[in-house]
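Let me begin by presenting the structure, written as structure tokens, before commenting on it.
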Amino acid sequence: MKNNIDIARPYFGKEEENAVIEVLRSGILVRGPKTKELERLFAAYTGKKHAIAVSSGTAALECALKILAVGENQEVITTPFTFVATVNTILLNNAKPVFVDIDEETYTINATKIKEKITRQTKALLPVDLFGQCCDYDLITALAKQYSLHVVEDACQAIGAQYKQKKAGSFGDIGVFSLYATKNITCGEGGIIVTDNEMFARKMREFSNQGQTENELYAYTQIGVNYRMTEMQAAIAIEQMKKVEERNAKRIQNAILLSRALLRYQDKIHLPSTKNENTHVFHQYTIRVQPDQRNHLVAFLKERSIGVSIFYPKPLHLYPHIQRYGYNEGDFPVAERIAKEVISLPIHPLVNEQELIRIADTLGEFYAKN
Ligand SMILES: *Cc1c(COP(=O)(O)O)cnc(C)c1O
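Residue numbers (this note's numbering): 1133 to 1502.
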């Protein structure tokens, strides 16, 4: 029996273990020195003035849209090919998700098609740095400026990714990250918001803490929630942040090795591509195959202990509760087609070279028979 190659695997060293023990013994469990340190690290890493640690990436997105006063009868422009959290936060704010089809090569929002979707109701743009690759931010930020729109960058899958040498998360008025278990670095659950805007930062910090003024007990200035991160999470995340470059480098190296090994099946498999101006951090290594062979291939790989996954099997506009906003099959042909073709293969830092060869050989074995 061959060992299992998981699609994602979180891993921690003694550093994370010791950091958690230190917190437990300190008696300070929430919004203490570890959280402050983590926020400093993220602000410095992304080159932003402010960072706020919260309980998840979803919570981070919610804080962002809340503080931008996204609400009823307003529209937020985003991609239909993303994790559902992106769109859930729009719906939770009673706004309408307005989708734009995706780019055929990067699978991120096709920025050249955003303009035609901007209306008087448009409040914000919500691009997603899918699979670890940034969107076309020259175009997106130019449009935002021209039409006075806010940009919230969903960089949940893209810590460390770059567009024209600038870090993911830094392009919007507000950028958000996730530290969920499967992300490139993790503390189980967690989210980070970054911004240069001091007022946004203060308001998001307050909103995530019951609407309470910073450092002033029971001074409530606005509605709020409890989206605080714990010190245990922050302590783990600090140690993970110290390893982010090394881990991303390993993902990139694995992606290069796997692409090299898969090159000989190029007529069957469409390999991931990275735009020249981007540094792709391969949160997912996603190939495309013939749609009528996909289920069979997924089963074949799983039977051979290769943990593949489909991100994402269906574009979001085709789920009934989202379709209600006036969407139909055929509206976003690129996203619809690609959703039928994608398979993500394991390339996380614990996958070794031998295992990458095994993945490629297993695909070869499948195509020798099919
Ligand atoms: C993971 C993810 C989120 C949500 O993050 P959580 O920490 O799981 O709440 C949002 N958007 C995208 C694109 C993600 O991949």
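Just so it is clear, CB atoms sit at the ideal spot from N, CA and C, and this is done for glycine as well.
In this structure, the CA atom of D1138 is about 38 Å from the CA atom of I1199. With respect to the C-alpha of K1181, the residue from E1171, T1190, S1187 and P1481 having the closest C-alpha is E1171.
Within a 10 Å sphere around the beta-carbon of Y1417 sit 16 or more other beta-carbons, which makes this residue buried. Not one heavy atom of ligand 1 lies closer than 7 Å to the C-beta of C1319. With contacts defined as CB atoms closer than 8 Å, G1264 and V1466 fail to qualify as a contacting pair. Restricting attention to K1407, F1443 and T1218, the CA atom closest to the CA of D1235 is found in K1407.
Using a C-beta cut-off of 8 Å, the region 1177–1196 makes no contact with the region 1381–1401, since fewer than three inter-stretch Cβ pairs fall below that distance. Taken through DSSP and simplified to helix, strand or coil, V1155 comes out as helix. For L1257, the enclosing beta strand (DSSP E) starts and ends at T1254 to L1258. Judged by pairs of C-beta atoms under 8 Å, the region 1240–1249 touches the region 1261–1278, as three or more such pairs exist.
The region 1470–1480 makes contact with the region 1438–1448; the number of CB pairs closer than 8 Å reaches 3 or more.
Just measuring C-alpha positions, the residue of S1405, I1491, T1254 and K1335 sitting nearest I1384 is S1405. V1230 is positioned such that its CB atom lies no closer than 8 Å to that of T1211.
Straight through space, the alpha carbons of L1197 and R1469 are spaced by roughly 30 Å. Note on the region 1385–1452: whole alpha helix (DSSP H) runs with a minimum of 4 residues are 1423–1435, in chain order.
Not one heavy atom of ligand 1 is found less than 7 Å from the C-beta of D1235.
In this structure, T1211 has its beta carbon at no less than 7 Å from each heavy atom of ligand 1. With 16 or more other Cβ atoms inside 10 Å of its own Cβ, Y1312 counts as buried. If you look at T1494, you'll find it in the alpha helix (DSSP H) that goes E1485 to K1501. Taking a contact as a CB-CB distance under 8 Å, the pair D1286 and D1305 does not count as one, their CB atoms being some 13 Å apart. According to DSSP, E1285 shares a beta bridge with G1307. Between the C-alpha atoms of S1187 and G1159 there is a straight-line separation of about 19 Å.
If only uninterrupted alpha helix (DSSP H) runs of at least 4 residues are considered, those enclosed by the region 1167–1221 are 1189–1199. The C-beta distance from L1482 to Y1143 rounds to 6 Å, short enough to fall under 8 Å.
In this model, E1487 and L1403 are separated by some 18 Å (Cα to Cα). Spanning the alpha carbons of E1348 and V1152 requires a straight line of approximately 27 Å.
Within the region 1325–1376, the alpha helix (DSSP H) runs of at least 4 residues that lie entirely inside it are, in chain order, 1330–1339 and 1363–1373. The distance from the Cβ of A1276 to that of L1257 is about 6 Å, consistent with a contact at the 8 Å cut-off. Annotation for V1230: no alpha helix (DSSP H) segment contains it, though the beta strand (DSSP E) segment containing it runs K1228 to F1231.
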